[in-house]
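Some notes on the structure that comes next.
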């Protein structure tokens, strides 16, 4: 190990990571890639202009915050190479490799804090191994090859940059001495660097994904483990008694402003929704059972990160068993005890092994956002993109200790290094094998379905892939192959209406008989549980197929499906708009279509598409004054000129309808 330089280790790690991921770059789209990229026409720009870029930046359906920075990068990929997943995945790989280098810089800086007496090159070598391990961890694969999760990797790029700057700034602050004016100035600059580090990268990172909001909290955990919020050392008689360190009040005020106040504001904003049972209606868990279940999820994340297996990293985890009590299943209580023990261990070991304490704190702290009270889905592998750094910070220095063994002692150095090599080989092999499967959509669908036979999404994805490969040709062998996984997915507990929608869609497109059982199952699910995002998308897909004349769907079944979906309080604007689309264009019931379009605008007045649809309907109905109001609403939403084309088109339609010249 001593004969190998850190530069060589890091370079080799970058090369091996690129090599391991390369087969996966030729793969296709998956799951949330479709609504966010493939079907997101706002993202698919054709000109490098401010209106097109503004429209793309605000086009993401994944979040009310729109994640404009990530959307802009997808739009630029599309502008340069079209809707080709290869170039988007390659961009993701470049971001991952950049993050790997940032992990190296951060780990090296942290090792300098925790082991200041150790050889600098030795610290750099261990940091390079940490970065290599992180880049090759199989649990981080979805942050690269799952195209839409560029949002996660890009947000964490700014988190890592912010932490590196913060650690450097804190070092300059603590180097300040009261008797040295030049060092005092350096200390002030260090504090300014700390301020910038936890504000600017946080603000920019949030534009990629909201998880970047955790950066100030990670900085607080760093303070807890290493500098302890200490003020610069003063000479005796000029500072705190006996030359001891005191808390730096500047930092306390800084974190009060950038962490405590935003936390209070966020809780004030979110708690009413969290405590509202209606917000959990589309889930198969509530707040209580979610918190119980997440204890098991977080412990599983530790196992999946350090000792991954193919069946554990199945991508689809919608079949994860919900904990209904401390002992249902019994592992719930056991996992809660494990997490409590980890917290106690981190607190106890902080003074002797601060880096281990920090690693545990970062891992657990990372999951406070997505693994506690927010009604998000229970499990996603990419949520460990930053958290896995914490586990490696705790593990790798144990396997490659900096301290020399005591004279004549045995520190099991060979055994520890052998274990480390074994883990690196395991992680590299698992990542490479999985990446190969990701390189072919059909192979990936079959692989993930085999890894998660009880996952409705995995089985649906396999059936959908067979449908795509059939090219809607009734004679294709893929048609018969699609029925099995789709019907199996439809029958699995907790499944959405996606499988039924796919079966109906496929047979309607190919003019094959549609089973009543599919319709009954679809409508029954909508009656039993408030529709989620996938259910809404399914109804929209059927509506578009019927509207475009590609599917001859029985109106009574479609009406029953929509009425069941809309029977719950506060229906989503997407559902309202979808039913309005169906009523207006398929049923030719303009009164119902107009009512639904107006309800969609009222439910989400910030979505331009609803205003555009309503304005067109109002013009057809001769309600030009009302249509003009929708035009004014669009103009108020026209950030950066993103709606210029739609507004000009509506102005022309209004002018033609009124006989007046269009305004430009």
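In the working numbering, the protein residues as written are 51 to 714.
Beta carbons: idealized from backbone N, C-alpha and C, even for Gly.
What does residue i pair with, by DSSP beta-bridge criteria?
i: residue 380; result: Residue 380 pairs with nothing; no bridge assigned.
i: residue 297; result: 280
i: residue 375; result: 378
Distance, Cα to Cα, residue i vs residue j?
i: residue 292; j: residue 166; result: Model confidence at residue 292 stands at a pLDDT of 40, short of 50, so the residue's coordinates are unreliable; what they give is reported in the following sentence. Distance between the alpha carbons of residue 292 and residue 166 is about 23 Å.
i: residue 331; j: residue 579; result: 7 Å
i: residue 645; j: residue 503; result: 43 Å
i: residue 18; j: residue 251; result: As displayed, the chain neither begins before 51 nor continues past 714, which places residue 18 out of reach and without an answer.
i: residue 178; j: residue 280; result: 29 Å
i: residue 380; j: residue 336; result: 19 Å
i: residue 264; j: residue 271; result: 11 Å
i: residue 667; j: residue 627; result: 12 Å
i: residue 633; j: residue 351; result: 46 Å
i: residue 588; j: residue 83; result: 15 Å
i: residue 422; j: residue 344; result: 7 Å
i: residue 97; j: residue 374; result: 53 Å
i: residue 287; j: residue 225; result: Residue confidence is low: residue 287 scores 33 on pLDDT, short of 50, so the model does not pin down where it sits. No coordinate-derived value is stated.
i: residue 485; j: residue 366; result: 16 Å
i: residue 703; j: residue 669; result: 8 Å
i: residue 299; j: residue 305; result: 10 Å
i: residue 113; j: residue 530; result: 37 Å
i: residue 349; j: residue 474; result: 21 Å
i: residue 652; j: residue 239; result: 50 Å
i: residue 353; j: residue 342; result: 18 Å
i: residue 511; j: residue 491; result: 10 Å
i: residue 528; j: residue 535; result: 12 Å
i: residue 394; j: residue 216; result: 26 Å
i: residue 591; j: residue 607; result: 15 Å
i: residue 520; j: residue 565; result: 20 Å
Excluding the 5 residues flanking residue i on each side, which residues of the same chain have their C-beta closer than 6 Å to its C-beta?
i: residue 615; result: 576, 581, 625
i: residue 457; result: Here residue 457 scores only 44 on pLDDT, less than 50, and its place in the model is too uncertain to base an answer on.
i: residue 289; result: Note that residue 289 scores a pLDDT of 36, beneath 50, so its modelled location is shaky; the value from the coordinates is reported in the next line. Taken in chain order, the list of residues that qualify is empty.
i: residue 131; result: 137
i: residue 125; result: 93, 95, 106
i: residue 211; result: 251
i: residue 662; result: 696
i: residue 700; result: 665, 681
Which residue comes first and which comes last in the alpha helix (DSSP H) that contains residue i?
i: residue 594; result: 583-597
i: residue 540; result: 527-541
i: residue 706; result: 694-708
i: residue 501; result: 491-501
i: residue 79; result: Residue 79 -> no alpha helix (DSSP H), and no H or E assigned at all.
i: residue 416; result: 404-420
i: residue 630; result: 623-635
i: residue 250; result: 250-256
i: residue 118; result: 118-131
i: residue 101; result: 100-107
i: residue 556; result: 548-559
i: residue 427; result: Taken as a continuous stretch (DSSP letters only), residue 427 belongs to no alpha helix (DSSP H), as it is neither H nor E.
i: residue 477; result: 463-488
i: residue 173; result: 170-186
i: residue 312; result: 311-324
i: residue 672; result: Unbroken run through residue 672: none, as it is neither H nor E.
i: residue 162; result: 135-164
Residues in the same chain with beta-carbon distance under 7 Å from residue i, minus the five sequence neighbours each way, listed in chain order, please.
i: residue 714; result: The pLDDT assigned to residue 714 is 45, lower than 50, so where the model puts this residue is not dependable; a value taken from the coordinates is nonetheless given after this. Hits under 7 Å: none found.
i: residue 637; result: 605
i: residue 262; result: 205, 208, 209, 252, 255, 256
i: residue 635; result: 597
i: residue 309; result: 266, 267, 270
i: residue 155; result: 214
i: residue 496; result: 512
i: residue 524; result: 560, 562
Give me, in chain order, the residues of the same chain whose beta-carbon lies closer than 8 Å to that of residue i; leave out the 5 immediate sequence neighbours on both sides.
i: residue 426; result: 420
i: residue 443; result: 157, 160, 180, 405, 406, 408, 409, 412
i: residue 586; result: 615, 622, 624, 625, 628
i: residue 470; result: 179, 446, 449, 450
Would you call the stretch 94-111 and the stretch 513-528 touching, i.e. three or more CB-CB distances under 8 Å?
no
Does the stretch 133-153 come within contact of the stretch 201-208, defined as at least 3 CB pairs closer than 8 Å?
yes
For the structure I just gave you, are there three or more beta carbon pairs, one from the stretch 314-331 and one from the stretch 382-399, closer than 8 Å?
no
Pairing CB atoms from the stretch 501-510 with CB atoms from the stretch 538-558, are three or more of them under 8 Å?
yes
Take every Cβ of the stretch 423-437, pair it with every Cβ of the stretch 186-201, and state whether three or more of those distances are shorter than 8 Å.
yes
Taking 8 Å as the threshold, find out whether the stretch 590-608 comes into contact with the stretch 557-567 through three or more Cβ pairs.
yes
Is it a yes or a no for the stretch 404-411 touching the stretch 441-452, going by three-plus beta-carbon pairs under 8 Å?
yes
Validate contact between the stretch 354-372 and the stretch 491-502 using beta carbons, cut 8 Å, 3 pairs
yes
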